[in-house]
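Step one of this worksheet: look at the structure below.
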Amino acid sequence: MLEVKNVTKKYGKNLACDDVSFNLEPGSLTVLLGPNGAGKSTIMKSIIGFLKYNGSITVNGIPNKTPEARRILGYIPEMPSLYPTLTVGEHMEFVARAYKLTNYKERADMLLERFELADKRKKFGDELSKGMQQKLNLCIGLLPDPQILLLDEPLLGLDPHAIKELKNYIEEMRVSGKTLLISTHIIDSVDMLWDRTVIMQNGHVKANVSKTEIEGMGKSLEDLFFEVTEGVDKKAVSDDSADAENQTEA
Ligand code: ADP
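The sequence shown: position 198 = 205 (the numbering used here), numbered continuously.
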C-alpha cells in the first residue's frame with residue numbers, strides 16, 4: 008500500500024499541497040481529479056521523490072525515497088522530457104539500461120507497436136511531432152512495468168487511437184493487479200474502470216471516495232466534483248429524487 012500522510016509542499020510562499028493524506032490500495036485504480044493548479048502534479052512529484060516536502064510518504068511501509076521503494080514506483084510525467092539526439096529505439100534502450108531490464112526487447116516492440124511508433128524507431132526525439140513525443144513518453148514510462156504507476160494527465164495531446172490504446176492498456180494493468188494513480192482535470196476522460204477518486208482543490212483533498220460509495224449516493228463523478236469544488240448545494244442534489252435521477256450517470 009502507498010500511504011501519503013500529511014504532506015505539505017510550498018514553492019516559496021505558494022502553498023501547493025496543504026496537509027494532503029490518502030492511501031492507494033494495492034491493485035486499485037485511483038483517479039486524482041482537480042482543476043488546474045489544484046496540486047495534483049505536486050503530490051505526484053512528491054510521491055515519486057522529486058520534491059522536498061513536509062510529511063511522510065511510504066510504500067509498503069518503506070520511505071518513498073529509498074532505492075527499495077523506487078524500484079516499485081513508476082511515473083509518467085505530463086510533459087515529455089526526451090533527448091533530441093537519441094532515436095525512438097535508443098530512448099527505449101536507454102531506459103532499459105537505466106532500469107537494468109533484461110529481455111525487454113519484446114516488450115519494447117509491443118509498446119511501440121501499440122502506440123504506433125514502430126515505424127518511427129530511427130527518428131530522433133526532436134524530429135517527432137508533439138503527439139508522437141507524448142506517445143514515446145508513455146512508452147518509456149511503461150517499459151519498466153512498475154508495481155505502482157503514477158500517470159500525470161496521460162491523455163493530453165494524444166490522438167484518438169492512442170487515447171483508446173492507453174485506456175485499454177490502463178484497464179489491462181488494473182486487471183493484472185497494478186496499483187494506479189491517474190491525474191486529470193477532464194472528468195469526461197474518466198470512463199475506464201476505476202475504484203476510487205481523490206478530488207483536490209487549492210492544495211487540499213476535498214473528497215476521497217470509492218466508486219461504490221458514489222454510486223450508493225446516486226451521484227455521478229461529475230455531480231460530486233462540482234459539489235465539492237463549486238459548493239453545489241448537497242441537500243438539493245441528494246434530496247430532490249427527480250433531480251438526483253436526472254443527474255445519475257448514464
Ligand atoms: P495541478 O497539477 O493540479 O494543475 P500543480 O501541482 O502543478 O497543480 O500546481 C499547484 C500550485 O503550485 C499552483 O499554484 C502552481 O502555480 C504552483 N506550482 C507548481 N509548480 C511550481 C513551481 N515549480 N514553482 C512555483 N510554483 C509552482
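Each residue gets a CB set at the ideal place from its N, CA and C atoms; glycine is no exception. Model, not experiment: these values are computed from the prediction.
Can you give me the Cβ contacts of residue i inside the same chain, cut-off strictly under 7 Å, excluding the 5 residues immediately before and after it?
i     : result
Thr15 : Cys24, Asp25, Asp26, Tyr60, Asn61, Gly62
Classify residue i as buried or exposed, calling it buried when 16 or more other Cβ atoms lie within 10 Å of its own Cβ.
i      : result
Thr109 : exposed
Asn67  : exposed
Tyr90  : exposed
Met139 : buried
Leu200 : exposed
Glu172 : buried
Phe122 : buried
Could you check whether the Cβ of residue i sits closer than 6 Å to any heavy atom belonging to ligand 1?
i      : result
Ala214 : no
Gly44  : yes
Lys47  : yes
Tyr82  : no
Ala115 : no
Tyr90  : no
Asn21  : yes
Gly41  : yes
Tyr18  : yes
Using only alpha-carbon positions, find the residue among the options that is nearest to residue i.
i     : options                    : result
Pro70 : Val11, Lys185, Lys137      : Val11
Glu97 : Gly56, Ser136, Ile147      : Ile147
Glu32 : Arg181, Phe101, Ala45      : Arg181
Ile55 : Arg78, Leu40, Gly34, Val38 : Arg78
With a CB to CB cut of under 6 Å and the five nearest residues on each side skipped, what residues in its chain are close to residue i?
i      : result
Asp159 : Ser48, Met51, Pro84, Glu85, Ser190
Glu256 : For Glu256, the pLDDT reaches just 37, beneath the cut-off of 50, and the residue's location in the model is therefore unreliable, leaving the point undetermined.
Going by beta carbon distance, what residues of the same chain come within less than 8 Å of residue i, once the five residues before and after it are set aside?
i      : result
Val216 : Arg203, Thr204, Leu231
DSSP beta-bridge partners for residue i?
i      : result
Tyr82  : Leu157
Ala214 : Ile206
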